Each structure stands twice: as C-alpha cells, then as structure tokens.
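Written below as structure tokens is the structure these notes are about.
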Ligand code: WT7
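Numbering (the UniProt record's numbering), first residue to last: 1 to 641.
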C-alpha cells in the first residue's frame with residue numbers, strides 16, 4: 001500500500017470538503033471569536049453568548065462563552081424530543097447476545113432522564129454537588145450523566161474496572177457524597193461486583209458518602225445498607241424536573257486521569273465550551289448524517305465515552321450504540337455481529353482491539369455483513385500501519401475512510417484528526433489539526449522547531465473544549481500543563497510533522513504509559529508495588545507489546561531476606577491488580593539487586609526503558625551511575641526472561 005490513501009470524493013451531503021477544510025481552518029485562526037460564536041449555534045442557549053474565548057496560558061486562566069447560559073441535558077435530550085421524539089437515541093446491546101437488548105427513542109430517553117434526575121434529587125443531590133458514577137456500560141450510565149447535567153450536579157465517572165481503593169481515592173479527592181452504581185456489571189463470562197466494590201470503597205478513611213443509588217442490572221445478590229443505599233426503582237419518579245440554567249463556565253464533569261507524578265488528576269470540564277467542542281468535532285470528524293447509527297466502543301468511564309458515546313452523538317440528535325460486552329465474547333466476531341445487527345454506519349474503536357481481532361483471522365469479520373459501514377475511526381494510541389491496513393481492507397472493504405483521532409482527556413474532544421472526505425489518509429498519522437487548533441513542536445529547551453520536524457507537541461492557543469483546571473488544585477493544572485514550556489499547553493506527547501503537514505504522534509515523552517489505549521502513570525504502579533511488604537523499591541516503565549501497544553514492565557528490589565520465588569511474582573501482580581485494577585496488572589516483573597541511579601540518587605529511567613525494550617546498543621553514558629556494573633546484570637536479567 002502506498003503511504004497515502006486518497007479520500008473518497010465527497011458526496012453532496014459531506015459535512016466537509018477539502019476546500020471547506022482549508023477555508024474553515026483559516027477562518028478559525030484569523031477570526032476565532034467569529035468562528036466559534038458561529039459554531040456555538042449548534043446549541044440552544046438560554047442566554048446567547050456574545051463572547052467566545054477569553055484566555056491566557058501564562059498564567060493559565062481559560063473561559064469560553066462566559067456570558068452565555070444553557071443546560072446540556074436540554075441540548076442532548078429535551079430539544080430533540082419535540083422534533084425527533086420517535087427517533088432512536090440509544091441502542092443497548094447487552095454483554096450476552098442471547099439476552100434481550102433495548103432501544104430508547106428520544107421521548108423515552110427524556111422520560112428516563114427525568115426519572116433519574118428525580119432519583120438523584122430524592123437522595124439529596126443538588127446543583128454543584130459532585131456525584132460519582134461507578135457503572136457498567138448500560139443505558140443508565142449515560143442517563144445518570146445526563147441527569148446530573150440536568151440538575152447542574154458535577155459527574156465524576158470512575159471506570160467500573162477500577163478497584164475499591166482507586167474508587168475511594170477518586171471519591172475522596174472531589175469530596176463526593178453521592179455514588180450511583182449497579183448491583184453488578186457483566187464483561188464476557190465475568191461478573192463485576194460493582195456494589196460490593198462500592199461497599200469496600202466506602203470503608204476507607206476520608207470517604208464520606210451519604211447516599212448510594214443502586215440500579216438493578218443482573219439481579220445478583222448484594223447488601224443494601226439501611227438509610228444509605230437506595231434502589232433506583234424505589235426513589236425514581238416522573239415528577240416534572242426542569243433543566244437548571246447553567247453558566248457556560250459552570251463545571252460539567254470531573255474525570256480522573258493519570259499524570260507523570262502523584263495521584264490521578266481530576267480534570268475539570270465546563271459546560272458551554274465542552275458542548276460546542278464535542279458537537280462540532282462529532283459533526284465533522286464522523287461526517288455524521290441524520291438517521292445514521294454511530295457506535296463508539298469505549299466505556300463511559302473514559303473521556304471517549306463521555307464525548308462520543310453520550311454527549312457528541314446526542315447533541316447532534318444522533319443514534320448511539322451502548323455496548324456492554326467485550327470484543328471476544330462469545331467469539332471474536334462480536335463487534336462485526338453487532339455492526340450487522342444494528343446496521344452501524346460509523347464505528348469508532350481503539351487500535352488495541354483491532355490488533356487483538358486481526359490475530360484471530362479474517363473469517364470472524366467476513367462472515368458478518370458490514371455493508372452498512374461508511375466510516376471507521378480509531379482513538380487512544382498510535383495505530384501501526386499493519387493494523388490500519390487490516391481495518392481498512394478487511395473490515396472496511398477498502399471503501400470506508402478511516403479517521404485517526406488524536407486527543408486527550410484534557411482536550412475534551414478531537415484535536416488532530418483525519419476528516420473522512422476532506423483529508424487524505426496516511427496509515428499511522430492522525431492527519432491535520434481540527435479547526436482552531438494551533439500546534440507547535442518544540443525541543444527540550446523550548447525552542448520552536450519550524451517546518452517538517454520532530455519534537456514535543458504543544459498547543460499555543462486555547463480551544464473551547466479545553467479543560468479549565470484540575471479540580472481543587474489550579475496550581476497543579478499550571479504545573480502539569482503550562483510550566484514545562486511556559487505560555488504553551490504541553491500535551492506530554494512526542495510528535496513528528498511531515499512535509500505534507502501530517503502529524504505523527506510518537507507516544508508519550510513523560511512517565512505516562514499507554515496500555516491498551518488506557519493511560520497509566522508509572523508512578524501509580526510503583527506506589528502500589530512498594531505498598532507490598534516484600535518490596536523495597538520499584539521502577540516501572542513501558543515496553544512494546546504486540547497487542548496492548550505498551551506493556552507494564554516493573555523492576556523490583558526486594559527486602560532483605562525475601563525469596564524471589566514464582567509465588568512472590570504472582571502475588572505482586574495480584575497485589576497491583578487489587579490496588580489499582582486489572583488494567584494495571586504488570587506484564588513483567590524483573591527482580592534486581594538494585595536500580596540504576598546517579599550518584600545523587602536519581603533513577604535513570606532512560607536506561608531502564610532501553611533494557612525493557614531489549615535495546616542495549618544505545619544505553620548512552622552509564623559512567624555517571626553509582627554502580628555501573630549493575631547495567632550488565634540488568635541486561636542479563638532481561639535476556640534470561
Ligand atoms: C493520550 C491521551 C483521547 C481519548 C483516549 C485516550 C494517546 C490518543 C491517539 C491517537 C496516537 C493517541 C496520546 C495522548 N493518544 N489518541 N489517535 N494516536 N496517540 O485519552 O487517556 O487522556 O490519553 O493517548 O498519547 O496523550 P487519554
């Protein structure tokens with residue numbers, strides 16, 4: 001395959017042609033206020049904004065549409081039920097295809113959201129309160145998000161795969177007094193004990209939750225604590241429940257994400273700018289057309305699920321699939337079976353899933369009808385050209401453009417992306433910047449790198465979907481994103497710009513790793529490891545992994561007298577899994593008698609990364625190490641794996 005795959009010629013309905021991309025992009029740079037006030041018309045405002053972006057990156061203070069007011073639930077639900085009440089809003093596809101699914105029209109969704117909002121009110125939630133959602137991938141998860149938005153409460157969704165410990169930390173950090181959960185979740189053949197995990201999380205010191213709202217999903221046995229726990233069905237009601245008027249800069253949600261240091265950060269998104277950003281990116285990136293079925297396979301526990309399962313599709317009046325299951329249950333054809341069953345037109349998933357399914361052979365794909373598919377998308381990590389080619393040729397029959405979308409929890413929505421009929425595709429490149437996105441590559445000293453070049457990826461101007469702060473800790477927001485390169489938003493990613501203006505993300509340049517498209521702080525895994533009594537020190541790095549993109553490689557020194565047995569190996573893996581959750585399970589533990597440190601005691605991670613990558617030729621200068629002979633022992637340990 002040539003390195004460029006040309007975009008199909010734009011149909012009359014195309015939301016963006018090549019010429020329109022150029023014109024919109026230019027205008028968004030020349031007249032950002034005019035451009036973004038125009039895009040804001042995608043929403044119903046209670047008070048129309050007269051101002052767009054007012055911001056500074058030094059010090060970081062960001063607002064958009066600050067004199068406007070609106071309600072996001074109204075924009076996602078209420079306003080559609082007058083014009084398209086009978087149209088399907090959500091299609092629910094359960095974990096087990098043998099059990100019945102469900103679909104909701106906009107009218108039915110409105111009823112559900114009002115019921116949920118009344119249930120939240122009944123347990124004491126009001127405007128400005130933080131509500132933690134710890135949910136399976138069922139309609140009620142999205143409904144609870146929308147119900148919070150209706151009341152002006154701030155949702156904080158915690159991925160259902162996180163441990164009670166991790167959940168407790170995220171409840172405590174935003175002083176959330178309310179949790180919404182379900183009895184259990186289902187993933188393939190496994191049951192996830194969500195309510196039991198909540199019970200365990202609420203035992204931690206510092207967690208002060210007054211009410212738990214429980215949705216009956218599997219009907220599995222759980223304990224209900226009198227006075228604290230409420231079944232959803234008991235407190236829901238159809239009473240009238242108007243949408244609260246929110247200022248554009250009122251918080252919409254908090255989402256915890258990993259950084260290079262410390263505990264996860266509570267990234268805060270506000271209402272108006274986020275809504276405009278997801279509405280606009282959804283419209284253009286997916287070329288969404290009325291009546292089409294859109295399926296984003298991400299969990300609502302991640303930002304992808306926030307922006308492209310719930311808010312983006314609904315603000316655009318679209319039909320969005322909510323899939324509870326996993327790609328390999330009951331078999332490896334599950335994705336394609338769901339696509340055929342619901343006649344999905346636009347499918348959006350992660351490279352890790354594509355790589356895993358590619359291994360299982362084409363038959364799982366080709367035996368299902370994919371003629372409904374029109375556009376394919378990827379997100380979460382760089383896609384290797386081999387997986388891209390398989391997705392394009394086998395899944396999409398070489399007729400569906402692939403949009404590779406680069407963005408982050410902090411960006412709210414797409415930042416660099418292919419547009420289906422407006423940009424050519426280069427397998428492995430996310431393409432060109434979205435409207436209003438101004439990128440810059442800089443070297444480690446902050447010097448701007450002009451033209452085709454490779455360096456640290458920064459954004460030099462604010463965009464409406466940008467996170468406004470880290471909840472409760474604006475200094476940390478400034479420190480994490482605006483101080484490495486003063487006056488610029490630093491993404492944490494390395495990137496190459498080629499001569500055709502295409503951006504190629506090369507991966508994180510900080511101590512964050514990307515495991516199956518999930519962001520993980522190496523520091524978090526290290527903290528979990530050293531909590532174990534057998535562990536003295538730990539250093540964690542990423543290394544290339546065929547399916548996951550990156551695997552978790554842990555160097556561990558043990559306490560005096562501890563035997564480094566297979567049992568300990570298994571125990572430490574289980575320990576990290578319990579502390580953080582299954583997604584953080586180490587792929588490899590490397591017991592060592594020491595970690596490579598400088599004489600001043602700083603761990604030389606660069607060396608650990610290289611050794612984990614099996615790349616011994618370019619270890620660089622090791623003479624400054626306190627114990628240079630350690631390197632040979634580490635290499636030996638790696639090779640004896
Ligand atoms: C990090 C953000 C964006 C939603 C999912 C992850 C990596 C994301 C791509 C892509 C190459 C990508 C980056 C980024 N990433 N999309 N299309 N190509 N890398 O959100 O957990 O905030 O992680 O994911 O490294 O910084 P997140």
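In this text, a Cβ means the ideal position worked out from N, Cα and C, and glycines have one as well. Fair warning: this is a prediction, and the values are worked out from it, not measured in the lab.
Around the CB of residue 4, fewer than 16 other CB atoms lie within 10 Å, so the residue is classed as exposed. Residues 238, 241 of the same chain have their beta carbon placed closer than 7 Å to that of residue 114, with the five preceding and five following residues left out of the count. Taken in chain order, the whole alpha helix (DSSP H) runs of length 4 or more contained in the segment 59 to 126 are 79 to 83, 106 to 122. Under the three-state reduction of DSSP, residue 619 is assigned to coil, being neither helix nor strand. At least one heavy atom of the ligand WT7 lies closer than 7 Å to the C-beta of residue 407. Secondary structure note for residue 134: its beta strand (DSSP E) is the uninterrupted segment 130 to 134. If one requires a minimum length of 4 residues, the alpha helix (DSSP H) runs lying completely within the segment 330 to 365 are 334 to 342, 351 to 358, in chain order. The ligand WT7 approaches residue 381 closely enough that one of its heavy atoms is under 7 Å from the residue's Cβ.
Here DSSP, grouped into helix, strand and coil, assigns residue 27 to helix. Here the alpha carbons of residue 325 and residue 187 stand approximately 5 Å from one another. The shortest CA-to-CA distance from residue 495 to any of 74, 132, 443 is the one to 443. Fewer than three Cβ pairs drawn from the segment 199 to 206 and the segment 295 to 303 lie within less than 8 Å of each other, which leaves the two stretches out of contact.
Check the Cα spacing between residue 623 and each of 596, 382, 316: the tightest is with 596. Judged by beta-carbon spacing, residue 214 lies within the 8 Å limit of residue 182, meaning their Cβ atoms are closer than that value. With a cut-off of 8 Å on Cβ pairs, the segment 157 to 175 is not in contact with the segment 272 to 286, counting fewer than three such pairs. Look at residue 285 here: in three-state DSSP terms it is helix.
Assignment of residue 229 by DSSP, reduced to helix, strand and coil, places it in the strand class.
Taking 7 Å as the cut-off, the C-beta of residue 303 counts as close to a heavy atom of the ligand WT7. An exposed status is given to residue 621, since fewer than 16 other beta-carbon atoms sit within 10 Å of its beta-carbon. The secondary-structure analysis by DSSP pairs residue 539 across a beta bridge with 555. For residue 440, there is no enclosing alpha helix (DSSP H); the enclosing beta strand (DSSP E) has its first and last residue at 439 to 442. Between the segment 12 to 25 and the segment 280 to 290, the count of C-beta pairs closer than 8 Å reaches three or more; the two stretches touch. DSSP places residue 516 outside both helix and strand once states are collapsed to three, so it counts as coil. In the structure shown, residue 527 adopts helical secondary structure according to DSSP, grouped into three states.
Under DSSP, residue 406 shares a beta bridge with 416. Contact check for residue 558 against residue 534 passes: the beta carbons are separated by less than 8 Å.
Excluding the 5 residues flanking it on each side, residue 482 has same chain C-beta neighbours closer than 8 Å at 57, 58, 59, 60, 488, 489, 490, in chain order. For residue 593, the Cβ stays outside the 7 Å cut-off from all heavy atoms of the ligand WT7. Using a Cβ distance threshold of 8 Å, residue 105 and residue 83 do not count as a contacting pair.
Rounded to the nearest whole angstrom, the C-alpha separation of residue 53 and residue 602 is 42 Å. For residue 592 and residue 564, the gap between their C-alpha atoms comes out near 10 Å. The criterion of a C-beta distance shorter than 8 Å is satisfied by residue 434 and residue 417. DSSP places residue 508 in the strand class (E or B) of the three-state scheme. Buried is the label assigned to residue 69, since at least 16 other Cβ atoms lie within 10 Å of its Cβ.
Under the three-state reduction of DSSP, residue 430 is assigned to coil, being neither helix nor strand.
Taking the CA atoms as reference points, residue 405 sits about 26 Å from residue 366.
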